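All remarks here apply to the structure that follows.
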Amino acid sequence: MKKNTRIFHISGSDNGDHLKEAGRILREGGTVAFPTETVYGLGADALNEVAVMQIFEAKGRPADNPLIVHVDSKESCMKLVRSIPDKALILMDRFWPGPLTLVLERNEVVPDVTTGGLDTVAVRIPGNRIALELIRHSGTPIAAPSANISGKPSPTTAEHVLHDLSGKIDAIVDGGEVVIGLESTVIDMTSAVPAILRPGKISKEELEMYIGEVIIAYDDNVHHVNETVRSPGMKYTHYSPESRVILVEGEHDRVVSRIKELIVDFSLRDTKIGLLVTEETENIVHADISYSLGEKDKPEQAAKNLFIGLRYLDERNVDIIIVDGSFRPDGIGAAVFNRVRKAADMIIKV
Ligand code: AMP
Ligand code: MG
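Numbering (the working numbering), first residue to last: 1030 to 1379.
As structure tokens, then:
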């Protein structure tokens, strides 16, 4: 059934009426997309089975891929879980509100649909005023995966959400462009040694400063189709535009030479090429169309520009997107590499 998707524009001095109304829609079992500091989320009442099912339906998301539950306080997190390990408490105090999701043992108030049948639940407090007010107005924890069609690049603006989900959800809260541009770090706090299931802005090193050893339990390079994985989201195709994506990874000079060769090859084959390249590369390499990832030594810029760039080029119907993988791989750079490797049809290491 086609829905009439309402759009609420929020400005700096907003009086909150829009958020009250959007909160009411959530409380009554509807679906509302909203900005967080990471990407736009598609929210529904995490404790209402029927509401949560609408998220899976709108996104075309596989039912065994669990959702992150967004809350506005630690107290509200406590109501969803059996117990909280000391290290999880330390991380909450240090990083919440913020782009860190904790996987904890869930209790019976959380329905199976929300957790994909797992006995754990992923929880975070988002660091965004609009998201927090919306959750507060809804009066319930909000399950919210990224507000895109499953498998596509995550949305960083309300326009992206509208492009993917118009007519499929009840409302969109438009709070402008997000700040970070990549999803939260997900860390499993139920294992003997805490394990990062998805990299994000908060890096392994940062986490280790507070809780000691942390292991990496994600794999950038492959789509695990038939394997048992710790985070069900790991096994699905992700972040992929329609166009074919080729990632060229390595030191800057070599990446530039290889991209130049690729452009020559593809031009001979009458292929429309889109470049998603660092500023340094954009100054010396030219193709049909390009979008900047920002300065190569500032991976936070690549984080912000990756999804927006993939969508920008895809909408201009390029046949192929060549991504410049010469930006710094540390800090949030590790997360950018993780997303772009998953989006890539081919990875060339030079
Ligand atoms: P999304 O909200 O679309 O960014 O995806 C949420 C991510 O968190 C997916 O990769 C999920 O598999 C992961 N996730 C959510 N809940 C859990 C859980 N209980 N255990 C492990 N991973 C989870
Ligand atoms: Mg997602």
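Backbone N, C-alpha and C fix where the C-beta goes; we use that ideal spot for every residue, glycine too. Fair warning: this is a prediction, and the values are worked out from it, not measured in the lab.
Report the CB separation of residue i from residue j in whole angstroms; it is logged as a contact under 8 Å.
i, j, result
"G1338", "L1291", "Incorrect: roughly 17 Å between the Cβ atoms, too far for contact."
"D1199", "G1059", "4 Å"
"V1379", "R1287", "5 Å"
"V1277", "I1351", "7 Å"
"P1170", "V1100", "5 Å"
"G1360", "A1331", "Not really, about 11 Å apart at Cβ, beyond 8 Å."
"V1081", "P1140", "7 Å"
"E1134", "S1112", "6 Å"
"H1281", "E1308", "So it is not a contact: roughly 11 Å between Cβ atoms."
"P1095", "L1147", "6 Å"
"P1223", "K1116", "6 Å"
Under the rule that 16 or more other beta-carbon atoms within 10 Å means buried, what is residue i, buried or exposed?
i, result
"V1202", "buried"
"M1238", "exposed"
"V1254", "Low local confidence applies: a pLDDT of 42 at V1254 is under 50, so the model's placement there is unreliable, and no value is given."
"K1108", "exposed"
"Y1268", "buried"
"L1335", "buried"
"D1353", "buried"
"G1196", "exposed"
"I1084", "buried"
"I1240", "buried"
"N1077", "buried"
"H1166", "buried"
"M1121", "buried"
"E1162", "buried"
"I1039", "buried"
"V1079", "exposed"
"G1045", "exposed"
"E1329", "buried"
"K1088", "buried"
"K1325", "buried"
"I1244", "exposed"
"V1190", "buried"
For the alpha helix (DSSP H) holding residue i, just list the boundary residues, first then last.
i, result
"Y1087", "In the sequence on display, residue 1087 carries Ala and not Tyr. From DSSP, the alpha helix (DSSP H) with A1087 extends over E1078 to K1088."
"I1240", "K1233 to I1240"
"P1021", "The shown model of the chain, from 1030 to 1379, leaves out residue 1021, and the question about it has no answer."
"H1192", "A1187 to L1194"
"E1309", "E1308 to E1311"
"V1110", "Per DSSP, V1110 belongs to no alpha helix (DSSP H) and is neither H nor E."
"Y1268", "Run containing Y1268: none; DSSP gives neither H nor E here."
"L1055", "D1046 to R1056"
"R1227", "Per DSSP, R1227 belongs to no alpha helix (DSSP H); it is in the beta strand (DSSP E), A1224 to R1227."
"R1370", "I1361 to A1372"
Tell me which residue opens and which closes the beta strand (DSSP E) that residue i is part of.
i, result
"G1166", "First, the amino acid is wrong: residue 1166 is His here, not Gly. No beta strand (DSSP E) holds H1166; the alpha helix (DSSP H) holding it covers R1158 to S1167."
"I1036", "R1035 to H1038"
"V1352", "I1349 to G1354"
"M1375", "M1375 to K1378"
"L1118", "Note, L1118: premise wrong, no beta strand (DSSP E); alpha helix (DSSP H) at D1115 to F1124."
"T1143", "Here T1143 belongs to no beta strand (DSSP E); instead the alpha helix (DSSP H) covers D1141 to T1144."
"H1281", "Unbroken run through H1281 is the alpha helix (DSSP H), H1281 to L1297; no beta strand (DSSP E)."
"R1135", "Element bounds for R1135: n/a, residue is neither H nor E."
"I1318", "I1318 to G1323"
Find out if the Cβ-Cβ distance for the pair residue i, residue j is shorter than 8 Å.
i, j, result
"P1182", "G1070", "no"
"G1213", "R1158", "Checking the sequence shown, residue 1213 turns out to be Ser, not Gly. No, the Cβ-Cβ distance between S1213 and R1158 is not below 8 Å."
"G1145", "D1193", "no"
"A1372", "V1274", "yes"
"T1149", "A1075", "no"
"I1355", "G1279", "It is Ser, not Ile, that sits at residue 1355 in the sequence shown. The answer is yes: Cβ separation under 8 Å."
"A1381", "A1172", "Absent from the model: residue 1381. The displayed extent of the chain is 1030 to 1379, so no value can be given."
"D1248", "F1366", "no"
"V1289", "V1314", "According to the sequence shown, residue 1289 is Lys rather than Val. For K1289 and V1314, yes; Cβs fall inside 8 Å."
"S1272", "V1347", "yes"
"A1098", "A1151", "Note on residue identity: the sequence assigns Val, not Ala, to residue 1098. Against a cut-off of 8 Å, the Cβ pair of A1151 and V1098 comes out as a contact."
"R1377", "R1370", "Note on identity: in this sequence residue 1377 is Ile, with Arg being the wrong assignment. Contact flag unset, no."
With a threshold of 8 Å between beta-carbons, can residue i be considered close to chain B, or not?
i, result
"I1245", "The structure shown contains no chain B; it is built from a single protein chain."
- Item | the stretch 1224–1237 contacting the stretch 1122–1129, beta-carbon criterion three pairs below 8 Å | yes
- Item | Cβ pair count under 8 Å reaching 3, the stretch 1063–1081 against the stretch 1205–1225 | yes
- Counting pairs of Cβ atoms below 8 Å between the stretch 1320–1331 and the stretch 1216–1223, do you hit three or more? no
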